[in-house]
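J.:
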Amino acid sequence: MPRRVSHSLLDPWLTKPLKSLYGALKIPPRVPPEAIVGVGHLAAIAGAVGFAFSSSAWWGGLLAALGVAGNHTADVLDGTHARATGQCRHGGELLDHFVDPLSFTYWVAGLAAAAAAPWWAAVGITIIYATSVLTNIRAKMIGEFTLARFGPTEFKSLLIAFGLWQMVRLLGDPGATPAATVAAWWFVAALSTAGAVQLLISLVKAVREVNAQGSPDVDTTEWEVK
C-alpha cells in the first residue's frame with residue numbers, strides 16, 4: 001500500500017485533537033469501521049442539503065456546517081477505529097476513498113443550488129474528480145499518497161465557516177436572501193477557480209514526480225483481450 005503523507009496546514013490543529021476523542025466516544029469494538037464511513041456519508045448528504053438552503057433559511061447554513069463537521073469527524077475516526085480493533089481491510093479503505101470525493105461533489109452541488117448557478121456544480125464536480133483521479137494514479141505510480149497544504153481539511157474548514165456565516169447573516173436579517181445568494185455564487189466561484197489552478201499545478205508536478213520517482217519498469221504491455 002502507498003505510504004500516506006500529509007502536508008496539511010490544519011491537520012496538526014484539527015485532525016489530531018479529533019483523534020483524541022476516540023477513547024471518550026467508547027465506540028463498541030463490534031462496530032465495523034465501514035459503519036462509521038456510512039455515518040460520515042450521511043452527514044455529508046445532510047450538509048449538502050443544508051448548503052442548498054443556506055441562502056434562503058438560517059438553519060441551512062447551520063445544517064451545512066454540522067454536516068461537514070460530522071463528515072470530517074467520521075473520516076478521522078473510521079481509520080482510528082479500524083486500527084484500534086484490528087479491523088483494517090482493503091475493502092474498508094476502498095470504500096473510504098470512494099465516498100470521500102462523493103462528499104465534496106454533494107457540497108459543491110448544494111452550494112451551486114444556493115447560488116442559483118447549476119453550471120458551477122458541473123465545473124466544481126469536474127475539478128474534484130480530476131483531482132481525485134490524479135491523486136490516486138500518482139499514489140499508485142510512486143507509492144505515496146500525498147495531501148497538499150491546502151487539502152481536504154482546509155476545504156472543509158472553509159465550508160464550515162461559510163455555512164456559519166450564512167446562518168448568522170440570515171438570523172440577523174431574514175430578508176437577506178438576495179445577498180446570501182450572491183455570497184454563495186462568489187464563494188463557489190472562488191473555490192472552483194482555486195481548485196482549477198491547484199489542479200493544473202498538481203498535474204505538472206505529478207508528471208515530473210512519476211518520471212523521476214516511478215518504477216523503472218515502464219508498462220509496455222498490450223491489453224489482453226479474452
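If you're matching positions, the sequence shown starts at 1 in my numbering and goes up one per residue. Yeah, the Cβ is synthetic: ideal placement off N, Cα and C, and Gly gets one too. Since this is a predicted model, take the numbers as computed values, not measurements.
Which residues mark the beginning and the end of the alpha helix (DSSP H) in which E222 is found?
T.: In the sequence shown, residue 222 corresponds to position 222, counting from 1. Neither: E222 is in no alpha helix (DSSP H) and is coded neither H nor E.
J.: Taking the beta carbon of R4 as the centre, do at least 16 other beta carbons fall within 10 Å, making it buried, or is it exposed?
T.: Position 4 of the sequence shown holds residue 4. Classification for R4: exposed.
J.: Classify L66 as helix, strand or coil using the three-state DSSP reduction.
T.: Walking along the sequence shown from the start, residue 66 turns up at place 66. Here L66 sits in helix by DSSP.
J.: Could you compute how far the alpha carbon of T105 sits from the alpha carbon of G124?
T.: Along the sequence shown, one-based indexing puts residue 105 at 105. Along the sequence shown, one-based indexing puts residue 124 at 124. For T105 and G124, the distance between alpha carbons rounds to 7 angstroms.
J.: Do you know how far the Cα of S157 is from the Cα of G110?
T.: Translated into the one-based positions of the sequence shown, residue 110 becomes position 110. Translated into the one-based positions of the sequence shown, residue 157 becomes position 157. So the alpha carbons of these two residues sit roughly 16 angstroms apart.
J.: Should W119 be labelled buried (16 or more other beta-carbon atoms within 10 Å of its own) or exposed?
T.: Translated into the one-based positions of the sequence shown, residue 119 becomes position 119. That one is exposed.
J.: Taking the beta carbon of W107 as the centre, do at least 16 other beta carbons fall within 10 Å, making it buried, or is it exposed?
T.: Locating residue 107 in the sequence shown gives position 107, where the first residue counts as 1. Buried: at least 16 other Cβ atoms inside 10 Å.
J.: How close, in whole Å, do the beta carbons of A227 and P33 come, if the pair is a contact with beta carbons under 8 angstroms?
T.: The shown model of the chain, from 1 to 226, leaves out residue 227, and the question about it has no answer.
J.: Within the same chain, show all residues whose beta-carbon is closer than 6 angstroms to that of A74, passing over the 5 residues directly before and after it, in chain order.
T.: Translated into positions along the sequence shown, residue 74 becomes position 74. Same-chain partners within the cutoff: I36, V39 and G40.
J.: Flag this pair as yes or no: are the beta carbons of L42 and G50 separated by less than 7 angstroms?
T.: Position 42 of the sequence shown, counted from the start, is the residue given in the question as residue 42. Position 50 of the sequence shown, counted from the start, is the residue given in the question as residue 50. Not a contact, by the Cβ cut-off of 7 angstroms.
J.: When DSSP builds the beta bridges, which residues end up paired with F145?
T.: On the sequence shown, position 145 is the one that residue 145 refers to. BP columns for F145 point to R4.
J.: Does the separation of the CB atoms of A189 and Q166 fall below 7 angstroms?
T.: Translated into the one-based positions of the sequence shown, residue 189 becomes position 189. Translated into the one-based positions of the sequence shown, residue 166 becomes position 166. Cβ atoms of A189 and Q166: not closer than 7 angstroms.
J.: CA-CA distance, L147 and A117?
T.: By one-based count along the sequence shown, residue 147 stands at place 147. By one-based count along the sequence shown, residue 117 stands at place 117. Rounded to the nearest angstrom, the two C-alpha atoms are 29 angstroms apart.
J.: Where do the ends of the alpha helix (DSSP H) carrying D100 lie?
T.: The sequence position of residue 100 within the sequence shown is 100, counting from 1. Counting along the chain, the alpha helix (DSSP H) containing D100 begins and ends at H90 to A114.
J.: Provide the residue span of the alpha helix (DSSP H) that contains T153, from first to last.
T.: Here residue 153 is taken as the residue at index 153 of the sequence shown, counted from 1. T153 -> alpha helix (DSSP H) spans P152 to G172.
J.: By Cβ distance, which residues of its chain are closer than 6 angstroms to G151, with the 5 residues on each side in sequence left out?
T.: For the purposes of this step, residue 151 is taken as residue 151 along the sequence shown, with counting starting at 1. So the qualifying residues of the chain are S8.
J.: Could you say which of R208, A184, R149 and L159 lies nearest to S6 if we only look at CA atoms?
T.: Counting from 1 along the sequence shown, the entry for residue 6 is found at position 6. Checked all of R208, A184, R149 and L159; the closest Cα to S6 is R149.
J.: Could you tell me the boundaries of the alpha helix (DSSP H) in which S192 lies?
T.: Position 192 of the sequence shown, counting from 1, holds the residue named residue 192. Here the alpha helix (DSSP H) through S192 covers T177 to Q213.
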